[in-house]
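Structure first, commentary second.
Number of protein chains: 2
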Amino acid sequence: MCSVKRRDDRTAAARIRDAAVELFGREGFHKATVRDIAKDAGVSPALVLHHYGSKSGLRDACDEWVVEEFARARTEMVESGTSTDPFAAMALIQGEEVRMAYLLRSLREGTPAAGRLFDGLVEHSLRMMEQGVRTGELRPSRNLHDQAVLLVAWQFGGLLLQGDVARAFGTELNSREMKERYIRAVLEVMTHGVFSDSRYEDAWNELEPTESVSEGAMEHD
Amino acid sequence: MCSVKRRDDRTAAARIRDAAVELFGREGFHKATVRDIAKDAGVSPALVLHHYGSKSGLRDACDEWVVEEFARARTEMVESGTSTDPFAAMALIQGEEVRMAYLLRSLREGTPAAGRLFDGLVEHSLRMMEQGVRTGELRPSRNLHDQAVLLVAWQFGGLLLQGDVARAFGTELNSREMKERYIRAVLEVMTHGVFSDSRYEDAWNELEPTESVSEGAMEHD
DNA sequence: TAGTATACTGAACATGTGTTCAGTGAAGCG
DNA sequence: CGCTTCACTGAACACATGTTCAGTATACTA
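Chain order of the listed sequences is A and B. The first sequence runs contiguously to residue 223 in this note's numbering. The second sequence runs contiguously to residue 223 in this note's numbering.
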């Protein structure tokens, strides 16, 4: 009689959390019901509340778990291979599909956990980029921190809108062609920019002469 | 007895639609209840359903209305001043706060209406960018269409994540300082890129030799 | 005037869903 | 064994919310 119940060795609480991460990510916090999560985990709805107190408590547990997993993956990556290009920071986030879906959903719904992960990724990217500047792979910026924020926001933004990008490309979502064309476009902009000269930047700098860059950046000429 | 009821000259159906646009944008489709919308519009909940059939029907009406308004603003802009820089395409979307909030919410929730607006903005940006290339303000791209998609996705992405950006900047959301620093960072990347040379682009092009650029781009050497 | 359509309302209905609670069975412990 | 603890369940509760419906008032038409 142990063929059905013993389908995996995770504890019931862990199965509930895993099912919740998947359903929250796929359906969103509201549409994913406690009953659905319980069914996917193979337990009764009451047990979900027994272990996590409430649906929000379950989300908090999922947040903590996912953020923890990403942090673990990040430190592992740093300790093993050391790639300095800013895309490596994103690579570690892709690959684990369900956690990625959960993260994107959290970002969409604006939970604090996603914000913390955003901040952590900014910090991580900044360190990578500082190293890239030292090795000469990246051109120095007048405000590397702000640039890191911008790049992380853009990367996440592209991920959030990947459905729209795929449609506008006329390709299947996550198809090989889509990824290639996307990366190619990114590389071109990252390498050459889009303006033919610095007239826009100059015009802006004339309008808004380099005012005191507040906290978060410490350049001084 | 006409002091309370006659607070504006919009028809009840219009007031309902306006209240719905605002609440859907601020709270999201799920959290904005029919009763709340009715209260904001100063009518009974039943009237909402009487005019729009269902809550989904109301959303459809809001979608159509907002998309229509943006399209109108866009054609107006094109017909009056003719600015070719790609940021002008975004400027028309900002400014009208409630519609902007509604659009961002739709983008987050992935409604088809937001997709249509995304596509429209890509097309519009592409035309602007083609003109920019002709006038020499933009450097020619090997695939201007894909670049337009990327830039629109990034712009929207930055908008979607403006809360995270503000926090990472250490500024108030929508503060003057935040906008200045954001624009400055954007201009720097758009003008110079982030890489110091083309080694990454070259490496990629060696790995993935310029395969037949499929539909949507028609460059040939 | 009578009739009909339309805008509109209050109240009720149906359902989905988070949550509670009494109870069961098994495991550990004295 | 008796007791407690804990994971776990089935059923019910409470409530929010979309929706329906009978009914009212007003405006327009024949």
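Ideal Cβ positions, reconstructed from N, Cα and C, are used throughout, including at glycine.
- For B/ASN145, the chain A residues whose C-beta falls within less than 9 Å of its own C-beta are ARG183, ARG186, ALA187 and GLU190, listed in chain order.
- Neighbours of A/VAL124 across chain B, judged by C-beta separation under 8 Å: ALA170.
- As computed with DSSP, A/PHE158 is found in no beta bridge at all.
- The CB of B/PHE26 never comes closer than 9 Å to any CB in chain A; the least such distance is about 14 Å.
- Proximity of B/VAL167 to chain A, defined by a Cβ-Cβ separation below 9 Å, is satisfied.
- In the three-state reduction of the DSSP assignment, B/PHE31 falls in the coil class.
- Per DSSP, A/PHE197 lies in no alpha helix (DSSP H) segment and is marked neither H nor E.
- For A/LEU163, the secondary structure class from DSSP, reduced to helix, strand or coil, is coil.
- Taking one beta carbon from each stretch, the segment 120-130 of chain B and the segment 28-48 of chain B have fewer than 3 pairs nearer than 8 Å; the two do not touch.
- When the five nearest sequence neighbours on each side are left out, the beta carbons in the same chain lying within less than 6 Å of the beta carbon of B/ALA34 are those of LEU25 and PHE26, in order along the chain.
- Counting the other CB atoms within 10 Å of its CB gives A/HIS147 a total of 16 or more, which places it among the buried residues.
- With contacts defined by Cβ atoms closer than 9 Å, A/VAL135 and B/GLN149 do not form a contacting pair.
- A Cβ-Cβ separation of about 19 Å leaves A/ALA170 out of contact with B/ASP65 under the 8 Å criterion.
- Residues of the same chain with a CB within less than 6 Å of the CB of A/LEU60, apart from the 5 flanking positions on each side, are ALA22 and TYR54 in chain order.
- Nearest CB-CB separation between A/ARG19 and chain B: not below the 9 Å threshold.
- Selection B/MET131, B/LEU209, B/GLY159 and B/ASP166 evaluated against A/VAL167 yields B/GLY159 as nearest (Cα-Cα).
- In terms of Cα proximity to A/VAL100, the closest of A/THR13, A/SER200, A/GLU139 and A/ASP20 is A/ASP20.
- Among the residues of chain A, none has a CB under 8 Å from the CB of B/LEU175; the nearest is roughly 12 Å distant.
- At a cut-off of 9 Å between beta carbons, B/LEU105 makes no contact with chain A.
- Secondary structure of A/LEU140 (DSSP, three-state): strand.
- Counting along the chain, B/LEU109 sits inside the alpha helix (DSSP H) bounded by residues 99-111.
- Around the beta-carbon of B/GLU208, fewer than 16 other beta-carbon atoms lie within 10 Å, marking it exposed.
- Remark: C-beta atoms of B/LEU119 and B/VAL69 approach each other more closely than 9 Å.
- The C-beta of A/MET131 comes closer than 9 Å to at least one C-beta of chain B.
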